[in-house]
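Below is one structure, written out as structure tokens; comments come after it.
There are 2 protein chains.
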Amino acid sequence: MPASLHKVSDSAIRRLSIYLRVLGGLEREGKETVSSQVLADRAGTTAAQVRKDLSLFGSFGKRGLGYLVTTLRDELRGILGVSRTWRVALVGIGRMGAALLEYPHFRARGFEFVAVYDSDPEKVGSRRGMLTVEDARVLEESLRETGVEIVVLTVPAGAAQEVADAAVRAGVRGIMNFAPVALKVPPGVRVNAVRLTVELEVLSFSLGSVADRD
Amino acid sequence: MPASLHKVSDSAIRRLSIYLRVLGGLEREGKETVSSQVLADRAGTTAAQVRKDLSLFGSFGKRGLGYLVTTLRDELRGILGVSRTWRVALVGIGRMGAALLEYPHFRARGFEFVAVYDSDPEKVGSRRGMLTVEDARVLEESLRETGVEIVVLTVPAGAAQEVADAAVRAGVRGIMNFAPVALKVPPGVRVNAVRLTVELEVLSFSLGSVADRD
Chain U
0 MPASLHKVSD
10 SAIRRLSIYL
20 RVLGGLEREG
30 KETVSSQVLA
40 DRAGTTAAQV
50 RKDLSLFGSF
60 GKRGLGYLVT
70 TLRDELRGIL
80 GVSRTWRVAL
90 VGIGRMGAAL
100 LEYPHFRARG
110 FEFVAVYDSD
120 PEKVGSRRGM
130 LTVEDARVLE
140 ESLRETGVEI
150 VVLTVPAGAA
160 QEVADAAVRA
170 GVRGIMNFAP
180 VALKVPPGVR
190 VNAVRLTVEL
200 EVLSFSLGSV
210 ADRD
Chain C
0 MPASLHKVSD
10 SAIRRLSIYL
20 RVLGGLEREG
30 KETVSSQVLA
40 DRAGTTAAQV
50 RKDLSLFGSF
60 GKRGLGYLVT
70 TLRDELRGIL
80 GVSRTWRVAL
90 VGIGRMGAAL
100 LEYPHFRARG
110 FEFVAVYDSD
120 PEKVGSRRGM
130 LTVEDARVLE
140 ESLRETGVEI
150 VVLTVPAGAA
160 QEVADAAVRA
170 GVRGIMNFAP
180 VALKVPPGVR
190 VNAVRLTVEL
200 EVLSFSLGSV
210 ADRD
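Protein chains in written order, with numbering that gives the first Met the number 0: chain U, 0 to 213; chain C, 0 to 213.
Structure below.
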């Protein structure tokens with residue numbers, strides 16, 4: 000992988016991930032090739048953006064022919080690291096945690112929940128699909144034994160840093176954080192935060208601007 | 000509001016939203032002032048970034064004193080449009096929809112669910128907290144009557160565009176889209192997409208890069 004890849008922005012990665020979804024749809028429709036324009040339309044961006052994003056990783060298209068759907072899909076799967084399966088643990092079984100655990104698209108994309116933890120004694124030992132809820136007090140040891148690579152955090156804000164610290168000690172290198180708090184992690188560990196109220200505020204900010212323009 | 004506001008990036012808005020959260024915490028701790036460094040540490044960014052973000056909207060800090068916590072919080076609430084209440088509807092009561100409906104932080108931030116819709120006859124008429132699930136077939140009319148301003152979409156990908164079209168006809172100007180599909184909306188309508196598998200792929204891409212570096 001060329002060194003330049005390390006500088007690819009999260010926004011570019013998000014678009015690649017969306018192109019991958021579009022290519023899956025095209026393949027199911029039996030399409031063999033696709034132009035950057037059609038790919039862009041379905042992904043909600045521009046043809047120039049598609050070409051720019053893909054050119055970061057090599058030369059995939061053929062002039063006048065477009066991209067080969069299956070080939071490009073396989074390339075993108077490799078680039079995004081979804082051509083393999085990631086071992087994921089969920090910590091914190093509230094309503095959001097339960098919803099994520101049963102979110103069908105994760106597994107389809109190569110993210111497999113292999114363990115689930117909570118600190119509530121009433122939840123520990125109960126079943127969630129194929130998994131049994133384990134006690135968060137043994138988190139570090141259990142994550143290590145289970146070979147977990149990514150942790151999805153749906154614990155209250157006050158507990159999030161402690162859980163993250165234990166996960167890092169257990170060798171986890173990726174954390175998807177739903178708790179409304181900024182986590183501190185050592186270099187080499189990546190946190191991606193999903194903050195739902197923040198996303199609603201991005202909307203309300205735009206609506207405020209629109210209203211002012213009217 | 001100065002015209003320049005319309006050019007503020009979503010990333011800057013996300014950070015402002017996080018500063019707002021940090022300021023709320025500082026206020027509860029009884030702090031009256033805060034330096035850009037402390038604000039940055041708690042928000043997981045740098046002091047220079049804090050100063051740059053805030054400077055987009057005016058001059059809030061005092062040299063050597065920092066920012067007045069309550070004043071800055073009130074300013075940010077105004078800028079982000081959360082000093083008012085937004086009327087929000089949820090369309091699609093699957094597990095994710097149900098989790099969002101009961102997410103306590105939305106209400107605390109001024110986003111109030113005033114209506115909920117589903118197309119499943121077994122769900123229509125059932126209670127969800129204070130709300131009764133309404134039939135998605137009357138969506139457009141009902142959204143208009145209820146004065147809904149923001150719609151949260153948690154329907155399957157195949158239904159999302161149709162629902163969005165109805166919402167737009169009903170006067171909705173903001174859509175938070177959890178469906179894995181790019182929505183087409185007219186100018187003046189803002190869509191913010193939350194794509195959970197995409198966020199996991201941002202993580203797996205980074206982990207792939209890290210592994211390659213080792």
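Backbone N, C-alpha and C define an ideal beta-carbon position, used for all residues, glycine too. Here the structure is a predicted model, which is why all the values come from computation and not from measurement.
* **For U:M129, the three-state DSSP class (helix, strand or coil)** => coil
* Determine the extent of the alpha helix (DSSP H) in which U:V135 is found, giving its start and end residues. => Going by the sequence as given, residue 135 of chain U is Ala instead of Val. No alpha helix (DSSP H) holds U:A135; DSSP gives it neither H nor E.
* When the distance is taken between beta carbons, is C:G91 closer than 8 Å to C:T153? -> yes
* Asked: Going along chain C, which residues have a C-beta under 9 Å from U:N191?
  -> E198, L199, V201, L202, S205
* Asked: Should U:V81 be flagged as near chain C, meaning a C-beta pair shorter than 8 Å?
  -> yes
* Cβ-based contacts, 9 Å cut-off: residues of the segment 111-137 of chain C near chain U -> none
* Asked: Taking all protein chains shown into account, do 16 or more other C-beta atoms lie within 10 angstroms of the C-beta of C:D117, making it buried, or fewer, making it exposed?
  -> Around the CB of C:D117, 16 or more other CB atoms lie within 10 Å, so the residue is classed as buried.
* Asked: Quick one: what's C:V190 bridged to in DSSP?
  -> C:I174
* **Per-residue DSSP class, three states only, for C:E200** => helix
* **Contact with chain U by C:R143, beta-carbon distance below 8 Å** => For C:R143, the nearest beta carbon of chain U is not closer than 8 Å to its own beta carbon.
* To do: Could you please give the first and the last residue of the uninterrupted beta strand (DSSP E) stretch that includes U:E111?
  => 110-117
* Asked: What's the call for C:A47, buried or exposed, on a 16-neighbour Cβ count within 10 Å?
  -> exposed
* **U:L22 versus C:A42: straight-line alpha-carbon distance, rounded** => 37 Å
* To do: Spatial neighbours of C:D52 within its chain, please: CB distance less than 8 Å, with the 5 preceding and 5 following residues excluded, ordered by chain position.
  => A11, R14, L15, Y18
* Asked: In or out: C:T70 buried (at least 16 other Cβ within 10 Å) or exposed?
  -> exposed
* Asked: Taking just the CA atoms, how far does C:R72 sit from C:L25?
  -> 10 Å
* Asked: With a cut-off of 8 Å, does the C-beta of C:S3 fall near any C-beta of chain U?
  -> A caution first: C:S3 carries a pLDDT of 48, below 50, which makes its placement in the model unreliable, though a value can still be read off. Under the Cβ distance rule, C:S3 does not count among the residues neighbouring chain U, no pair being separated by less than 8 Å.
* Ordered list of alpha helix (DSSP H) runs contained in the segment 13-42 of chain C, each at least 4 residues -> 35-42
* To do: On the DSSP bridge assignment, give the partners of U:R86 in chain order.
  => U:E111
* Asked: For C:K122, which three-state DSSP category applies?
  -> coil
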